[in-house]
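Residue numbers (this note's numbering): 18 to 471. Even glycine gets a Cβ: it sits at the ideal position worked out from N, Cα and C.
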Ligand SMILES: *Cc1c(COP(=O)(O)O)cnc(C)c1O
């Protein structure tokens, strides 16, 4: 088995996510290489020809403590010999209970109930349905709408897609989607020169305040990605916006849904991004890093108040009759418990502060690059915005696919970067070393030099 033989078999039968498959056609001049991964360890992936790639994006933001992590591997082996899966309707198991106890303990105060699903989009669907259903059970059937931020991303299933605002993924399906109320984002890329992140976010909040004032009667919830709009190009904002949003949601009688699927579990410098604003949402959606990048699992944490609004005699039909076949899967829950163990065994957040500082140092030079409009960072996420014209901050036309050139070049140098359009970013596993950070940044620099030519 080598790379090309496996790729040929792949292209015969497999349809890949988020991909124009023609890009992989070997007969295309500008074709993209498909990388068949044979094995992985720590931050390194290895293909069938023996090439290695530094996983600088944590395999789409899921991996926290490296591939083939010994602690998680052992926990899964133990779980496998005990219980692989059992339905969670009418049954339970110790691993699911332990994980729910620990999630309730580590998430912000007031989030006391845990509902499982098996991927991030499903968690978002659950939060939306629960919020709507809560108001219905409270005798408020007119609350049917959701408020979302411009440039947000909450997943790909129809409900999650509807509350997102990434045109590339959403526009095609618009006729199928429920209507939402979209408010300008506090995305600090658009602040005025010299304006602080905080001042800009306070200013931007006026739009949210006005929208809530106008529509609160018909709105179930506001959904946000706390601090970083990841899929929207790693756009970042100040915690003050979350503080103001929490206060306003309470004042207007509207739920706050925090989608921490990408930013949870230490990515932004705190275990959860909401902690930086010292707020508790009404719903918190978790997935991605929840299992350390091992297995599909998600959880929606909510309050006792929400739970109580569904709790009644069966004949009143107020129950939340939502389920997924793999809800509370024992292997997924065990991987999540092992991940939380790793957070307890070492001071991961302190380690991340050091790594984040190294990333900042190593990437400092990018700010002066003639085609870099901004370098921004929140904890373990560092992003570089490529622009065509620096003073005007004019973006490269999307058709030029500059980010793809960075991707291709970095792969040839043994680093997996996967720019989002014109945004090159680093979101590495927490086990990356100083030398690996230096390599990742050096290769990104070369990749950018190559991509902005002509
Ligand atoms: C990835 C992501 C989702 C969707 O999760 P899936 O497991 O891919 O369905 C939702 N919200 C945010 C913020 C995400 O980054």
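Is it the case that the stretch 446-462 contacts the stretch 70-86, given that we only count it when at least three CB pairs across the two stretches are under 8 Å? Short answer: they touch.
Determine which residues share a DSSP beta bridge with residue 323 and list them. Numbered from its first residue, the chain shown carries residue 323 at position 306. Note: residue 323 sits in no beta bridge, so no partner.
With a threshold of 7 Å (Cβ to nearest heavy atom), would residue 138 be considered close to ligand 1? On the chain shown, residue 138 is found 121 positions in, with the first residue counted as 1. For ligand 1, at least one heavy atom lies less than 7 Å from the Cβ of residue 138.
Residue 230 versus residue 168 - alpha carbon distance: On the chain shown, position 213 is the one that residue 230 refers to. On the chain shown, position 151 is the one that residue 168 refers to. Their Cα atoms are separated by approximately 22 Å.
Residues of its chain near residue 253, where Cβ-Cβ distance is below 7 Å and the 5 sequence neighbours each way are ignored: As a working note, residue 253 is residue 236 in the chain shown. These residues qualify, in order along the chain: 205, 244, 245, 393 and 395.
For residue 288 and residue 124, what's the separation of their Cα atoms in angstroms? Within the chain shown, numbered from 1, the residue matching residue 288 stands at position 271. Within the chain shown, numbered from 1, the residue matching residue 124 stands at position 107. In a straight line, the C-alpha of residue 288 is about 8 Å away from that of residue 124.
DSSP on residue 235, reduced to helix/strand/coil? For this step, residue 235 is matched to residue 218 along the chain shown. Secondary structure of residue 235 (DSSP, three-state): helix.
Roughly how many angstroms lie between the CA atoms of residue 156 and residue 345, to the nearest whole one? Mapped onto the chain shown, residue 156 falls at position 139. Mapped onto the chain shown, residue 345 falls at position 328. The alpha-carbon atoms of residue 156 and residue 345 are separated by roughly 31 Å.
Is residue 407 closer than 8 Å to residue 467 when the C-beta atoms are compared? Start at 1 with the first residue of the chain shown, and residue 467 comes out as number 450. Start at 1 with the first residue of the chain shown, and residue 407 comes out as number 390. Contact flag unset, no.
Any heavy atom of ligand 1 inside 7 Å of the beta-carbon of residue 278? In the chain shown, the residue the question calls residue 278 occupies position 261. Remark: the C-beta of residue 278 is in contact range of ligand 1, defined as less than 7 Å to any heavy atom.
Any non-hydrogen atom of ligand 1 closer than 7 Å to residue 305 Cβ: Working through the chain shown from its first residue, we reach residue 305 at position 288. Indeed, a heavy atom of ligand 1 lies less than 7 Å from the Cβ.
Whether residue 526 touches residue 164 by CB criterion (8 Å): There is no way to answer for residue 526, as the model of the chain reaches only from 18 to 471.
Just how far apart, CA to CA, sit residue 256 and residue 331? Sequence index remark: in the chain shown, residue 256 carries index 239 (1-based). Sequence index remark: in the chain shown, residue 331 carries index 314 (1-based). Residue 256 and residue 331 have their alpha carbons spaced roughly 41 Å apart.
What residue ranges within the stretch 222-280 form continuous alpha helix (DSSP H) runs of no fewer than 4 residues, ordered along the chain? Every alpha helix (DSSP H) of 4 residues or more that sits fully in the stretch 222-280 is shown, in chain order, as 257-269.
Helix, strand or coil for residue 444, going by three-state DSSP, please let me know. Residue numbering aside, residue 444 sits at position 427 when the chain shown is read from its first letter. Residue 444: coil per DSSP, three-state reduction.
Apart from the five residues just before and just after residue 351, which ones in its own chain have a Cβ nearer than 7 Å to its Cβ? Here residue 351 refers to the residue found at position 334 when the chain shown is read from its first residue. Here the set comprises 92, 93, 96 and 112.
From residue 180 to residue 171, what distance separates their C-alpha atoms? The residue labelled residue 180 in the question sits at position 163 within the chain shown. The residue labelled residue 171 in the question sits at position 154 within the chain shown. One Cα belongs to residue 180, the other to residue 171, and the distance between them is close to 7 Å.
Can the beta-carbon of residue 296 be found less than 8 Å from the beta-carbon of residue 263? Here residue 296 refers to the residue found at position 279 when the chain shown is read from its first residue. Here residue 263 refers to the residue found at position 246 when the chain shown is read from its first residue. Going by C-beta atoms, residue 296 is nearer than 8 Å to residue 263.
Who are the Cβ neighbours of residue 202 in its own chain at under 6 Å, not counting the five residues just before and after it? For the purposes of this step, residue 202 is identified with residue 185 of the chain shown, where counting begins at 1. Around residue 202: 166, 167 and 168.
Going by DSSP, name the residue or residues bridged to residue 133. The sequence position of residue 133 within the chain shown is 116, counting from 1. Per DSSP, 316.
Which residue comes first and which comes last in the alpha helix (DSSP H) that contains residue 293? Working through the chain shown from its first residue, we reach residue 293 at position 276. First-last for residue 293: undefined, no H or E at that position.
Who does residue 59 pair with in a DSSP beta bridge? Within the chain shown, the letter at position 42 stands for residue 59. Residue pairing by DSSP puts residue 59 in a beta bridge opposite 84.
Measuring only the C-alpha atoms, how far is residue 49 from residue 420? Here residue 49 refers to the residue found at position 32 when the chain shown is read from its first residue. Here residue 420 refers to the residue found at position 403 when the chain shown is read from its first residue. Approximately 13 Å between the Cα atoms of the pair.
Could you have a look at residue 476 and say whether DSSP puts it in helix, strand or coil? Nothing can be reported for residue 476: it is not among the residues displayed for the chain, which extend from 18 to 471.
Between the stretch 349-368 and the stretch 309-328, can you find at least three pairs of beta-carbon atoms closer than 8 Å? Counting Cβ pairs under 8 Å, three or more are found: they touch.
Cβ of residue 144 within 7 Å of any heavy atom in ligand 1? Residue mapping note: residue 144 aligns to position 127 of the chain shown, counting from 1. No, the Cβ of residue 144 stays beyond 7 Å of every heavy atom of ligand 1.
How would you write the range of the beta strand (DSSP E) that residue 70 sits in, first residue to last? In the chain shown, counting from the first residue as 1, residue 70 sits at position 53. For residue 70, the enclosing beta strand (DSSP E) begins and ends at 69-72.
If we count the other Cβ atoms within 10 Å of its Cβ and call it buried at 16 or more, is residue 126 buried or exposed? The count along the chain shown starts at 1 and reaches residue 126 at position 109. Exposed, by the Cβ-count rule.
Cα separation between residue 265 and residue 28? Here residue 265 corresponds to residue number 248 of the chain shown, with the count starting at 1. Here residue 28 corresponds to residue number 11 of the chain shown, with the count starting at 1. Residue 265 and residue 28 have their C-alpha atoms some 51 Å from each other.
Just to confirm my understanding: we take residue 319, look at its own chain, exclude 5 residues before and 5 after, and list those with CB closer than 6 Å. What are they? Within the chain shown, numbered from 1, the residue matching residue 319 stands at position 302. Counting only Cβ-Cβ distances below 6 Å, and skipping sequence neighbours, we find 130 and 300.
What is the DSSP secondary structure of residue 391, reduced to helix, strand or coil? Along the chain shown, one-based indexing puts residue 391 at 374. The answer is strand: DSSP assigns residue 391 an E or B state.
According to DSSP, is residue 177 helix, strand or coil? Working through the chain shown from its first residue, we reach residue 177 at position 160. Residue 177: helix per DSSP, three-state reduction.
Any idea what DSSP makes of residue 380, helix, strand or coil? Counting from 1 along the chain shown, the entry for residue 380 is found at position 363. Here residue 380 sits in coil by DSSP.
Following a CB-centred definition, is residue 248 positioned closer than 7 Å to any heavy atom of ligand 1? Stepping through the chain shown from its first residue, residue 248 is reached at position 231. Here the distance from the Cβ of residue 248 to the nearest heavy atom of ligand 1 is below 7 Å.
Between which residues of its own chain and residue 405 is the CB-CB distance below 6 Å, once the five residues before and five after are set aside? Along the chain shown, one-based indexing puts residue 405 at 388. Same-chain partners within the cutoff: 411 and 413.
Span of the alpha helix (DSSP H) around residue 465: Locating residue 465 in the chain shown gives position 448, where the first residue counts as 1. From DSSP, the alpha helix (DSSP H) with residue 465 extends over 451-468.
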